[in-house]
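Chemist: Sequence order for the protein chains is G and S.
For the first sequence, full-length UniProt numbering assigns the number 1 to the initial residue and increments by one for each residue that follows.
For the second sequence, full-length UniProt numbering assigns the number 1 to the initial residue and increments by one for each residue that follows.
Note that CB positions come from ideal geometry on N, CA and C, so glycine has one too.
Protein chains: 2
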Amino acid sequence: MFAQSRIATSAPFNKPVAGRQRAGQLWSSLADVCSLLGVTPTVAATAADDVVFQHVQFKAGQRLFTIGQPFDALYLVNSGFLKTVMIDDAGNEQVLSFPMKGDVLGVDGIHLKQYMSEAVALSSCDVVVIPFKVFSSLGRKYPELELSLYGVLSRELTREHAMASALGSLSAEARVGRFLVALSERYSAMGYSGKEFNLRMTRQEIGSYLGMTLETVSRTLSAFDRIGYIAVEGRSVTLKDMQALKTMRRLPPSQSRSKEVPSAKKLFTNFSFEAAEDVLAAV
Amino acid sequence: MFAQSRIATSAPFNKPVAGRQRAGQLWSSLADVCSLLGVTPTVAATAADDVVFQHVQFKAGQRLFTIGQPFDALYLVNSGFLKTVMIDDAGNEQVLSFPMKGDVLGVDGIHLKQYMSEAVALSSCDVVVIPFKVFSSLGRKYPELELSLYGVLSRELTREHAMASALGSLSAEARVGRFLVALSERYSAMGYSGKEFNLRMTRQEIGSYLGMTLETVSRTLSAFDRIGYIAVEGRSVTLKDMQALKTMRRLPPSQSRSKEVPSAKKLFTNFSFEAAEDVLAAV
DNA sequence: CGATGTCTTGACGACCTTCAAGAGTCGTGG
DNA sequence: CCACGACTCTTGAAGGTCGTCAAGACATCG
Chain G
1 MFAQSRIATS APFNKPVAGR QRAGQLWSSL ADVCSLLGVT PTVAATAADD
51 VVFQHVQFKA GQRLFTIGQP FDALYLVNSG FLKTVMIDDA GNEQVLSFPM
101 KGDVLGVDGI HLKQYMSEAV ALSSCDVVVI PFKVFSSLGR KYPELELSLY
151 GVLSRELTRE HAMASALGSL SAEARVGRFL VALSERYSAM GYSGKEFNLR
201 MTRQEIGSYL GMTLETVSRT LSAFDRIGYI AVEGRSVTLK DMQALKTMRR
251 LPPSQSRSKE VPSAKKLFTN FSFEAAEDVL AAV
Chain S
1 MFAQSRIATS APFNKPVAGR QRAGQLWSSL ADVCSLLGVT PTVAATAADD
51 VVFQHVQFKA GQRLFTIGQP FDALYLVNSG FLKTVMIDDA GNEQVLSFPM
101 KGDVLGVDGI HLKQYMSEAV ALSSCDVVVI PFKVFSSLGR KYPELELSLY
151 GVLSRELTRE HAMASALGSL SAEARVGRFL VALSERYSAM GYSGKEFNLR
201 MTRQEIGSYL GMTLETVSRT LSAFDRIGYI AVEGRSVTLK DMQALKTMRR
251 LPPSQSRSKE VPSAKKLFTN FSFEAAEDVL AAV
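Shown next as structure tokens:
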């Protein structure tokens, strides 16, 4: 529900699209793209040989597009890790998402025909370029696909809702906890380990994404380590108590204050250990 | 940039769609709908008489759709005020938006074919029902319209980005300030006064939307009143210093900390009056 | 090897939530 | 008509969370 929560559509574990990784120029069929998108292509679409999509490689630090640049294509991540950022009116970067395999970039450029955010590669990346004209024409060519295409945008929107909700109502600890779990699930879905993985981004970037400072991110990770929810060392993380990480909350509703279980106040911040709360407080 | 920031597409001040307000059953043409959407219809579309859209009325408190309900239509607000909410896993309502004339509801239902949020009327409302099948078929029938349709979804997404950004990086005061300005601009665009207007929602709902408690909302409004930015009395508000309201910030970037003007620390919280800061602090 | 960027940790304090009490407002029913 | 309850809103007091500022440990790199 947090970051790039990929579909529940019985994802058939997309086979790696195309073999040679470092060709510099590579092409995908419509069927490949659909599978990457988590969309089940129809027979008609599967057979289509007339549309092919170009791949492009980016190295860490490179930009796929920048704010204000004329919009002409969507980008579909085939491999690698990236971030998208907005620049607020004070000139600060604000991280909006950490796209990875299967995610679509550039959607926010459709409306005003120019990208409203910036996409930066955090590692070497391989992305499929989908010219928007081609994208929209697909809906006409394969009407069965149309719903899926709108679905792609809708999915992005739902994710943003969840993000806004989390930012507004969860404590810093809870946000970091969920962030880790979301990453874990994402990695699992790609065939990597969901328990042990590397953060591809800095504390600063995580903080910006989660609406807190890098210091708070660092402190929270240290605290989680101390109480045994995870093990951290730099950017390598091992999750040890996923349940605890994902069930943290805060705010005895402010609405359920009135009615509902009038006993058991502080119990809402449900930690696994009794001691946990104190340890966290003691930071 | 905050709430329902309506397009910059030279909005031609949509004429009120259809005359009789209290008919209970009313119909709009495609051209009407396009104009409400802020989309310029092509001649072909303007002439189209074969598609008509049904209106439905709702009274304050009524729900247009609820979470989990099968998705089949988008709703376009013609008049009235509403809120959309999500229910988080603790069972709390979280306000996601305050839609009004020209806004589209239900977009988040496309992906999984069921609504992911709930829409509630805050006042009497008149909405246009757009069956999703009709919506998507329009793209095929009038290819020139297709881009606009995707644009509608893209616009929603951009708005959410701005919201997430604001939640993550602005102080409570700044968020309330911008919220008021956004409302004002919205009302102006509809032909109402942008200086004097009524809040249609409770402090609780504002707080939920802005990620703070109702008490903080109340206190902030009182403080704005005290220093002369606005005049409040219950739900009626008069804006007196829009500039001040919209330019509040916080967080000497944490990134521009390194370089940039090393002097003038606290100056970033740019208020119009020197005294303002103290007054706010004295609350 | 200094320079730069990342990460950790501590101390302090401001901002905002929490808890509580009271004033208004509105609708319903006696 | 007024009383009553249910909400909404305001304001105060207290405390916790998290941002701010600072210093130091590492790691990477030209």
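Whose Cβ in chain S lies nearer than 9 Å to the Cβ of E146(G)?
Modeler: By Cβ distance, chain S contributes S136, S137, G139 and R140.
Chemist: Name the chain S residues that come within less than 7 Å of R155(G), Cβ to Cβ?
Modeler: Simply H111.
Chemist: Suppose you measure from the CA of G106(G) to the CA of F71(G); what does that come to, to the nearest Å?
Modeler: Roughly 8 Å separates the two Cα atoms.
Chemist: Can you give the Cα-Cα distance for M116(G) and A45(G), rounded to whole angstroms?
Modeler: Each residue's alpha carbon lies about 31 Å from the other.
Chemist: Between which residues of its own chain and S208(S) is the CB-CB distance below 7 Å, once the five residues before and five after are set aside?
Modeler: Answer for S208(S): E93, Q94 and V95, listed in chain order.
Chemist: Could you give the residue range of the beta strand (DSSP E) that holds K83(G)?
Modeler: Run containing K83(G): L82 to I87, per the beta strand (DSSP E) assignment.
Chemist: Ignore the nearest five residues each way along the sequence and tell me which others in V176(S)'s own chain have a CB closer than 6 Å to its CB.
Modeler: Excluding residues within five positions, the ones whose Cβ falls inside 6 Å are T220.
Chemist: For F179(G), does the three-state DSSP call read helix, strand or coil?
Modeler: Note: F179(G) maps to helix in three-state DSSP.
Chemist: Which residues in chain G sit within 7 Å of T42(S), going by Cβ to Cβ distance?
Modeler: Those do not exist, as T42(S) stays about 15 Å from chain G at its closest Cβ, beyond 7 Å.
Chemist: Grab me the residues of P99(G)'s own chain with a C-beta within less than 7 Å of its C-beta, minus the 5 sequence neighbours each way, in chain order.
Modeler: So the list reads Q4, V77, L82, T84 and L105, once near-sequence residues are dropped.
Chemist: Just to make sure I have the definition right: I need the residues of chain S whose C-beta is within less than 9 Å of the C-beta of A172(G). Which are they?
Modeler: Per Cβ cutoff of 9 Å: no residues; A172(G) is ~11 Å from chain S at best.
Chemist: Is the region 53-61 of chain S touching the region 125-132 of chain S, taking contact as three or more C-beta pairs under 8 Å?
Modeler: The region 53-61 of chain S vs the region 125-132 of chain S: in contact.
Chemist: Apart from the five residues on each side of it in sequence, which residues of its chain come closer than 8 Å, Cβ to Cβ, to G68(S)?
Modeler: Here the set comprises Q114 and Y115.
Chemist: For V33(S), count neighbouring Cβ atoms within 10 angstroms of its own Cβ and tell me buried if that reaches 16, exposed if not.
Modeler: V33(S) should be labelled buried.
Chemist: Roughly how many angstroms separate the alpha carbons of S79(S) and K101(S), rounded to a whole number?
Modeler: Cα to Cα, the separation comes out at about 5 Å.
Chemist: Quick check: does the Cβ of G177(G) come within less than 7 Å of any heavy atom belonging to the ligand ATP?
Modeler: With respect to the ligand ATP, the structure shown offers nothing to examine, as it has no ligands at all.
Chemist: My assumption, with CB atoms under 8 Å, is that A164(S) sits in contact with T216(S). Please give the rounded CB distance.
Modeler: Between T216(S) and A164(S) the Cβ distance is about 19 Å, and since that is not below 8 Å, they are no contact.
Chemist: Below 8 Å on the Cβ atoms is my contact criterion, and I expect E205(S) with T42(S) to pass it. Report the Cβ-Cβ distance as a whole number of Å.
Modeler: No, E205(S) and T42(S) are not in contact; Cβ-Cβ is about 39 Å, not under 8 Å.
Chemist: What is the DSSP secondary structure of residue 284(S), reduced to helix, strand or coil?
Modeler: Because chain S in this structure spans residues 1 to 283, residue 284(S) falls outside the shown range and cannot be described.
Chemist: Per DSSP, what are the beta-bridge partners of C125(G) in this structure?
Modeler: DSSP, once it has assigned bridges, lists F58(G) as partnering C125(G).
Chemist: Tell whether a beta-carbon distance below 8 Å holds between G151(G) and H111(S).
Modeler: Yes. Within cutoff.
Chemist: Roughly how many angstroms lie between the CA atoms of Q62(S) and S184(S), to the nearest whole one?
Modeler: One C-alpha to the other measures close to 25 Å.
Chemist: N198(G) bridges to which residues according to DSSP?
Modeler: S236(G).
Chemist: Starting from Q94(S), find everything on chain G with Cβ-Cβ shorter than 7 Å and list it in chain order.
Modeler: Under the 7 Å cutoff, chain G gives S165, G168 and S169.
Chemist: Measure from the alpha carbon of M242(S) to the alpha carbon of each residue in V181(S), Q57(S) and C125(S), then state which is nearest.
Modeler: Of the listed residues, the one whose Cα sits closest to M242(S) is V181(S).
Chemist: Tell me which residue opens and which closes the alpha helix (DSSP H) that F132(G) is part of.
Modeler: Looking at the DSSP string, the run of the alpha helix (DSSP H) that includes F132(G) is F132 to K141.
Chemist: Which of the three DSSP states, helix, strand or coil, is assigned to residue 288(S)?
Modeler: Outside the modelled stretch of chain S, which goes from 1 to 283, sits residue 288(S), for which no answer is possible.
Chemist: For a contact defined as C-beta to C-beta under 9 Å, what are the partners of V33(G) on chain S?
Modeler: Correct list: empty, because the minimum Cβ distance to chain S is about 17 Å.
Chemist: Verify the CB distance criterion: does A73(G) have a CB-CB separation below 8 Å to chain S?
Modeler: Chain S, which has no Cβ nearer than 8 Å to the Cβ of A73(G), makes this no.
Chemist: To the nearest angstrom, how far is it from the Cα of G234(G) to the Cα of L245(G)?
Modeler: Approximately 19 Å between the Cα atoms of the pair.
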